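Take a look at the structure set out below.
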Amino acid sequence: KQWYQRRVRGNVMSLNTKKDRGGRSCPIVTDVVFCLESKTLSRANFTYRGPELPLRSIYYHASGGSYLNIYNLELQAIEIPFFQFEKDTGWARAANLSDHVILEHCSTSPHCEPPSFCDDMRQLFQFKATQGSSDIFRGRNQSLFFRLDSTGKWVSFDRCV
């Protein structure tokens, strides 16, 4: 079957809202898949969210915080365009912050974050402390490409090949 996966973000609509233990509004469902054949919508659990999650997060913030489509339909691949960012060892300390502090300072709605949020943020902080664009793009000023192989794993490839 062909599936279209999507993490639902944005407004919490009244049809998808529940109250948490603190009485705050939060979404009932945040992850969905749509079966293209049967045209059915189902809950999904994204345990793996694709290649280079920290790099994609940095790119999101470097692009002004807009959700850019990084899926290249022509190549059927994820494309992360070249962009400049510097390694900053100061971020290493942030990787040791408590969940409470990370949620308080890195989330606009801490009560709605998925269980992986704090670990994802720590991974991002560690990445920012140890990597810069020169480490990732290796001076090539070209996009990085990833596609699914026959086993369902994301692998990098060179567009020129």
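Basically the working numbering = 1-based index in the sequence shown + 199. Every residue, glycine too, gets a C-beta built ideally from N, C-alpha and C. Bear in mind that the values here come from a model prediction, so they are computed numbers and not experimental data.
Requested in this report: Please state if the CB of K286 and the CB of T216 are separated by a distance shorter than 8 Å.
Outcome: No, they are not a contact pair.
Query raised in the report: Could you give the residue range of the beta strand (DSSP E) that holds I269?
Result: No beta strand (DSSP E) contains I269, which DSSP labels as neither H nor E.
Query raised in the report: Going straight from the alpha carbon of T288 to that of R248, what length do you get?
Result: Going by the C-alpha atoms only, they are around 26 Å apart.
Query raised in the report: DSSP three-state call for L323: helix, strand or coil?
Result: L323: helix per DSSP, three-state reduction.
Report task. My understanding is that K327 touches I257, with C-beta atoms under 8 Å, so please give their C-beta distance in whole angstroms. Result -> Contact holds; Cβ gap of about 7 Å.
Query raised in the report: Between the Cα of F281 and the Cα atoms of L343, D334, C234 and S355, which residue gives the shortest distance?
Result: Looking at the Cα atoms, L343 is the closest of the given residues.
Report task. Could you name the residues that DSSP lists as bridge partners for V300? Result -> Answer is none; V300 lacks a bridge partner.
Report task. Could you have a look at T216 and say whether DSSP puts it in helix, strand or coil? Result -> Strand.
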